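First the structure, in the form of structure tokens, and then the observations on it.
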Amino acid sequence: MDTVNPLLVSSASGLKMDVNGGEMSKNPTLICAPIMADSIDKMVTLMAKAKAKASTADLVEIRLDSLKNFNPFEDLNVLIKQCPLPTLFTYRPVWEGGQYGGDEKKRLDVLRLAMELGADYIDVELKVAHEFIKSIGGKKPEKFQVIVSSHNYQSTPSVEELGNLVVKIQSTGADIVKIATTAIDITDVARIFQITVHSQVPIIGLVMGERGLISRILCTKFGGYLTFGTLEAGVVSAPGQPTINDLLNLYNFRQLGPDTKVYGIIGKPVGHSKSPVLYNEAFKSAGFNGVFVHLLVDDLEMFLRTYSSTDFAGFSCTIPHKETAVKCCDEVDPVAKSIGAVNCIIRRQSDGKLFGYNTDYIGAISAIEDGLQARYNMSSAAGSPLAGKLFVVIGAGGAGKALAYGAKQKGARVVIANRTYERARELANVIGGDALSLDDLARFHPEDGMILANTTSIGMQPNIDQTPMPKDALKYYSLVFDAVYTPKITRLLREAEETGATIVSGLEMFIGQAYEQFERFTGLPAPKEQFRRTMSKY
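Mapping of the sequence shown onto this note's numbering: position 154 corresponds to residue 485, and the numbering continues sequentially without gaps.
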């Protein structure tokens, strides 16, 4: 495994005008919308959509291999004349992951014809590029460019192998180099960044799959020629493509540049997280030059070691990495150390050292206290409403530890319930509480008016029919909290409300912990009202 630091060199910065005369872009990276359809009519409709105001692409990639019936001369003329944006034609054969299974000579003739009829770009595979480019020598229109591409659907080669591949592609006479690889681990993407940032020629470097998503967003930072953004979610021409709408409105793609600081949510799974929505909107409003991305991480230590530059400036940490994060940081805040879990990592800009904090317990405990104060009409001056209460925590992972610690600090009597009793006992011993196995929890009711906090992922999308607790056992609780916030009202919360308990959604914990993280990330005060407005949409 290569450990690389792709950020020692910054890509060339540049400002470009949006193709539709919109705001100035801080980077020259283009957004290309893949057009895949089985008929010319559908393609023409999709091309118009790519130009529509809400999702403005810079060019379209017309995937000729997706057509059912194709009359080259007539259809290419229609596509080129009717396209409101610059065109890139791709006719991908089955042997390079496409759908065309016919005669090779005919396929290359079609690409030559596209060039002659006025295409702006064509994409031709490395395997046939040498011959093809030789065949168009002297006939190339002035502004027309050939992209020579190589796709690896298995893995991402070493930096050395990638470097050799770039040289090989250049030697064909390519105007633009395109390399698409596959991410087995998120650290694979760093090698593509390293190649892109050092490239002396226009280069498209993308890594397929969910673990490769950052290659499609941060190519702006590392000088990539273009990225692909789809018109609709799920309708992709390669695995892991984001929508144009997400590129522009979630990640503020046009405003990212070489100096943009990278933040992200580290987890597994992580795609459900709303953190990028929350932080990117707040960064944009505050005029802060940062971007917040989903980071699907398998090995936290390897991730932090690979992306070791200060440009990767801070991370939120979620399941299952909160406890490992304690070991990965150079220094850990005393509270996070006591809890044994870190949910916020800051990389100090002066020396790259990692500092770990825990903001989970603040968000959750404040939200639970607010719920109890409202239920019993108590004033906040009267001390914590948790004092003396029996507080049952389901789960002994990072979030469970944070809630148990927070409740104990407020004077509650804490009980830990977990699938494996040993882990519950371990945590109970550390914080000074009792332990139960999850199976015994349904029969546990030493008193009424208890508080229940679920910190496991039971009931999270897509498993929304699951609950950690049978409904009839919820009547012994005055307040039920669920750390899961997708969906906002889980089955546990719905059934708790039906039995008369006050409920507190994980959204409250999510927003509360985000305040402190935003301030640590940016050094600016958290936009609390904006956070609430953003999350109210969900």
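Glycine included, each C-beta is placed from N, C-alpha and C at the ideal position. Note that the coordinates shown come from a computational prediction; the quantities given were computed from them, not determined experimentally.
{"Item": "For the beta strand (DSSP E) that contains M781, what are its first and last residues?", "Value": "781–785"}
{"Item": "Could you please give the first and the last residue of the uninterrupted beta strand (DSSP E) stretch that includes K509?", "Value": "507–513"}
{"Item": "Go through its chain and collect everything with a Cβ distance to I597's Cβ below 6 Å, but skip five positions before and after it.", "Value": "L626, V628, F646, C648, H652"}
{"Item": "Whole angstroms is fine: what's the gap from F420's alpha carbon to I453's?", "Value": "5 Å"}
{"Item": "Could you tell me whether the region 393–401 touches the region 362–376, using the rule of 3 or more Cβ pairs below 8 Å?", "Value": "yes"}
{"Item": "On a Cα-Cα basis, can you pick out the residue from E541, N708, L444, A766 that is closest to V567?", "Value": "E541"}
{"Item": "When the Cα atoms are used, what is the spatial distance from E850 to P488?", "Value": "39 Å"}
{"Item": "Going by DSSP, which residues form a beta bridge with T574?", "Value": "T561"}
{"Item": "Which residues bound the alpha helix (DSSP H) around F852?", "Value": "837–853"}
{"Item": "Do you know whose CA, among Y816, P818, T817, T830, lies nearest M318's CA?", "Value": "Outside the shown range of the chain, which is 332 to 869, sits residue 318, and nothing can be said about it."}
{"Item": "At a cut-off of 7 Å, is T376 close to the ligand SAH when judged by its beta-carbon and the heavy atoms of the ligand?", "Value": "By its list of ligands, the structure shown contains no ligand whatsoever, and the ligand SAH lies outside what it can speak to."}
{"Item": "State yes or no: is the C-beta of V746 within less than 8 Å of the C-beta of D765?", "Value": "yes"}
{"Item": "As a quick exercise: from V624, Y707, A381, pick the residue whose alpha carbon is nearest that of L810.", "Value": "Y707"}
{"Item": "Since L493 is in the alpha helix (DSSP H), which residue starts that stretch and which ends it?", "Value": "490–501"}
{"Item": "What's the call for Y736, buried or exposed, on a 16-neighbour Cβ count within 10 Å?", "Value": "buried"}
{"Item": "Could you name the residues of the same chain whose beta carbon sits closer than 7 Å to that of A656, not counting the 5 residues immediately before and after it, in chain order?", "Value": "L631, C648, V673, I676, G687"}
{"Item": "Exposed or buried, K470, counting other C-beta atoms within 10 Å across all chains shown (16 or more means buried)?", "Value": "exposed"}
{"Item": "Under a three-way DSSP split, which group does E363 fall into?", "Value": "The sequence shown places Cys at residue 363, rather than the Glu named in the question. Correct three-state label for C363: strand."}
{"Item": "For Y869, count neighbouring C-beta atoms within 10 Å of its own C-beta (all shown protein chains included) and say buried if the count is 16 or more, exposed if not.", "Value": "exposed"}
{"Item": "Once DSSP output is grouped into helix, strand and coil, what is the label at P415?", "Value": "coil"}
{"Item": "Would DSSP call A650 helix, strand or coil?", "Value": "Per the sequence presented here, residue 650 reads as Ile, with Ala not at that position. I650: coil per DSSP, three-state reduction."}
{"Item": "Any idea what DSSP makes of T421, helix, strand or coil?", "Value": "strand"}
{"Item": "Suppose contacts are defined by Cβ-Cβ distances below 8 Å. Is T641 in contact with R678 by that definition?", "Value": "yes"}
{"Item": "Determine the closest residue to I782 out of S768, L805, D796, V761, with distance taken between C-alpha atoms.", "Value": "L805"}
{"Item": "Could you tell me the boundaries of the alpha helix (DSSP H) in which Q704 lies?", "Value": "691–707"}
{"Item": "Buried or exposed: which applies to S711, given that a residue is buried once 16 or more other Cβ atoms fall within 10 Å of its Cβ?", "Value": "exposed"}
{"Item": "With DSSP as the reference, please indicate the residues paired to I762 in a beta bridge.", "Value": "BP columns for I762 are empty, so no partner."}
{"Item": "Along the beta strand (DSSP E) that carries I535, what are the first and last residues, could you check?", "Value": "534–539"}
{"Item": "Beta carbon of A733, beta carbon of I670: below 8 Å?", "Value": "yes"}
{"Item": "Please determine if the region 407–422 and the region 458–468 are in contact, where contact requires at least 3 C-beta pairs separated by less than 8 Å.", "Value": "no"}
{"Item": "Does G352 come out as helix, strand or coil in the three-state DSSP assignment?", "Value": "Confidence in G352 is poor, its pLDDT being 41 and thus under 50, which makes the residue's placement unreliable; the coordinate value appears in the next sentence. In this structure, G352 counts as coil in the three-state DSSP scheme."}
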